[in-house]
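Structure first, commentary second.
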Amino acid sequence: MARINDHYLKLGAGYLFPEISQRVRLFEEQHSDAKIIRMGIGDVVLPLGQSVRDAMHRAVDELGTAEGFRGYGPEQGYAFLREAIAEHEFRACGVEISPDEIFVSDGSKCDSANIQEIFAVQARVAVPDPVYPVYVDSNVMAGRSGPRDDDGRYQGILYLPCTEANGFLPQPPGEAVDLVYLCSPNNPTGSVATHDMLAAWVAYARNCGAIILFDAAYEAYITQEDLPHSIFEIPGAREVAIEFRSFSKKAGFTGLRCAYLVVPKELEGIDAQGNAVSIHSLWSRRHSTKFNGASYPVQAGAASIYSEQGRAEVQASIDYYLANAKIIREGLSSLGLRVFGGVNAPYVWATTPDGVGSWDFFDRLLEQAHVVGTPGAGFGAQGEGYLRLSAFAQRDQVEEAIVRMRERMRL
Ligand SMILES: *Cc1c(COP(=O)(O)O)cnc(C)c1O
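Right, here's the structure in full:
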């Protein structure tokens, strides 16, 4: 029999969201009349904007003509999209990114899971706790950790505790690492790093030779002024950071699939002989070997969000979700829970009542209010005692969820 990758056997009971779906499915089987409100998985619900649909229809029609047909596109993404991203996402906020530093892909989940491949198995990895589970799991699969302990932590990974005391924002550790994942605005806590905090991380990385893997999947949700949308707003970040961006949460592309990675030309790693190696060229080699490009209609749809109409449509849906987040924040807080996030992020992070465990609270919420949240412990050991509620839902559902919690639960 073929020998398997044993590192997979170290992984915990399964990825968080399949576990939640299974519990919800079981509950539905036993309560077929329950009207379940889903505020668990972070998936958008509003329909695609007109500008995206029009651009995609046009692109498909083009492919149906002799002159307009296209086969494989450039692996790195069409120039029209990379130029639009450089202009509207970066130059517009004072950051110079060259279009050839942008790698278009079919998702930030894959990008954030794949990036570790170009680094040594020995690389020491730091991750915030709690955080998006993909960063840890992909490193465990690659063999960058020891076994998992009882509270779900893997030996060899450096966890950066994000607690109420530090505003759910990790500080640079007192030791050197090779790779550090940061996610701002944060999934699951909804916290956002300030300029000063990111500057401290950039200084740390420059000092110890670390590379920051900065996940900005939710940057479009930042509403407060003076908060950085990109790590590249910090001077000196080009030598030490990679940034992940996605059209998923920004423009409702979770089903269409389009994202990109920004890898500055200055960024370098080191080989076994101690020579500096360009990370951009390594990633370029990896990307063009293992990926054949996002589809043309999808990239055309993505580029359309930068038109005047596209921008207005994107903003309207973000405003809608943020208004949901406000209702959730105020609702939970009126029920006596302490709430965080939800101002610059589509997630509200709430304490469970009376120190109830987060999976227990998840079950109570499902059984009593028929509302699906996400247990904080699923995002890391420090998430125990918290629940994440997602603002990606229809308004009436959000309002109904709060009413049910008030009427049916003793919080
Ligand atoms: C949703 C999400 C992404 C985006 O994933 P896609 O694969 O682009 O849909 C990336 N990072 C975080 C933290 C997310 O929550």
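Those letters in the sequence shown? Residues 0 to 410, by numbering that gives the first Met the number 0.
Glycine included, every Cβ here is placed at the ideal spot set by N, Cα and C.
The structure displayed is predicted, hence computed values, not measured ones.
Inter-residue spacing [alpha-carbon to alpha-carbon] between residue i and residue j
i, j, result
"ALA400", "LEU364", "10 Å"
"ILE35", "THR373", "14 Å"
"LEU78", "TYR385", "For clarity, residue 78 is Ala in the given sequence; the question names Leu instead. Computed Cα separation, rounded: 43 Å."
"ASP42", "GLY273", "43 Å"
"ARG69", "ALA1", "40 Å"
"GLU61", "GLU74", "20 Å"
"ALA164", "TYR295", "46 Å"
"TYR319", "VAL342", "12 Å"
"GLU88", "TYR220", "13 Å"
"VAL371", "ARG147", "27 Å"
"PRO98", "TYR203", "28 Å"
"GLY356", "MET404", "17 Å"
"THR188", "GLN381", "11 Å"
"ASP136", "VAL313", "31 Å"
"ARG337", "PRO17", "27 Å"
"GLU176", "GLN121", "Correcting the residue identity first, residue 176 is Val in this sequence and not Glu. Approximately 11 Å between the Cα atoms of the pair."
"GLY173", "GLY208", "14 Å"
"SER229", "SER31", "45 Å"
"ILE233", "SER104", "25 Å"
"HIS369", "GLY67", "50 Å"
"GLU398", "ILE326", "7 Å"
"TYR153", "PRO352", "28 Å"
"HIS56", "TRP358", "44 Å"
"VAL201", "GLY235", "7 Å"
"ALA83", "GLN308", "15 Å"
"PHE391", "ALA271", "46 Å"
Test item: CB-CB of residue i and residue j under 8 Å
i, j, result
"PRO127", "CYS161", "yes"
"PHE252", "ILE96", "no"
"PHE213", "LEU181", "yes"
"HIS286", "LYS264", "no"
"MET38", "LEU388", "yes"
"GLY145", "GLY11", "no"
"ALA112", "HIS6", "no"
"ALA192", "LEU168", "yes"
"ARG328", "ALA293", "no"
"GLY155", "SER190", "no"
"PHE378", "PRO132", "yes"
"VAL51", "ILE210", "no"
"GLN298", "LEU47", "no"
"ARG205", "VAL239", "yes"
"ARG123", "LEU159", "no"
"GLY106", "ALA258", "yes"
"VAL347", "GLY340", "yes"
"LEU266", "ARG284", "no"
"PRO345", "LYS248", "yes"
"ALA301", "PHE246", "yes"
"ASN412", "ARG394", "Here the chain has residues from 0 to 410 only, and residue 412 is not among them."
Continuous alpha helix (DSSP H) stretch holding residue i: start and end
i, result
"TYR26", "In the sequence on display, residue 26 carries Phe and not Tyr. From DSSP, the alpha helix (DSSP H) with PHE26 extends over 15-29."
"VAL133", "133-140"
"ARG387", "Taken as a continuous stretch (DSSP letters only), ARG387 belongs to no alpha helix (DSSP H), being part of the beta strand (DSSP E) at 385-389."
"ALA344", "Element bounds for ALA344: n/a, residue is neither H nor E."
"ILE401", "394-407"
"SER111", "107-113"
"SER97", "First-last for SER97: undefined, no H or E at that position."
Residue i beta carbon near ligand 1 (any heavy atom closer than 7 Å)
i, result
"ASN186", "yes"
"ALA54", "no"
"CYS161", "no"
"TYR320", "no"
"THR253", "yes"
"TYR180", "no"
"ALA219", "no"
"ASP214", "yes"
"ALA258", "yes"
"TYR385", "no"
"SER316", "no"
"GLY106", "yes"
"GLY292", "no"
"GLY41", "yes"
"SER183", "no"
Span of the beta strand (DSSP E), counted from its first residue to its last, around residue i
i, result
"ILE84", "Careful: ILE84 lies outside any beta strand (DSSP E), inside the alpha helix (DSSP H) at 78-84."
"PHE213", "210-214"
"ALA164", "Here ALA164 belongs to no beta strand (DSSP E), and DSSP marks it neither H nor E."
"LEU62", "Not the beta strand (DSSP E): LEU62 falls in the alpha helix (DSSP H), residues 49-62."
"PHE118", "Taken as a continuous stretch (DSSP letters only), PHE118 belongs to no beta strand (DSSP E), as it is neither H nor E."
"PHE339", "338-340"
"ASP362", "First-last for ASP362: 357-363, but that is the alpha helix (DSSP H), not the beta strand (DSSP E)."
"PRO160", "157-160"
"PRO127", "124-128"
Neighbour flag for residue i against chain D, beta carbons, 8 Å
i, result
"ASP5", "Looking at the structure shown, chain D is missing, and only one protein chain is on hand."
Starting from the N-terminal side, write out each stretch of the beta strand (DSSP E) that is 3 residues or longer and does not extend beyond the region 222-253. 240-245
Note down, one range per segment and in chain order, each beta strand (DSSP E) of at least 3 residues found wholly within the region 256-318. 258-261, 267-269, 275-277
Within the region 175-209, ranges of the beta strand (DSSP E) (whole runs, at least 3 residues): 178-182
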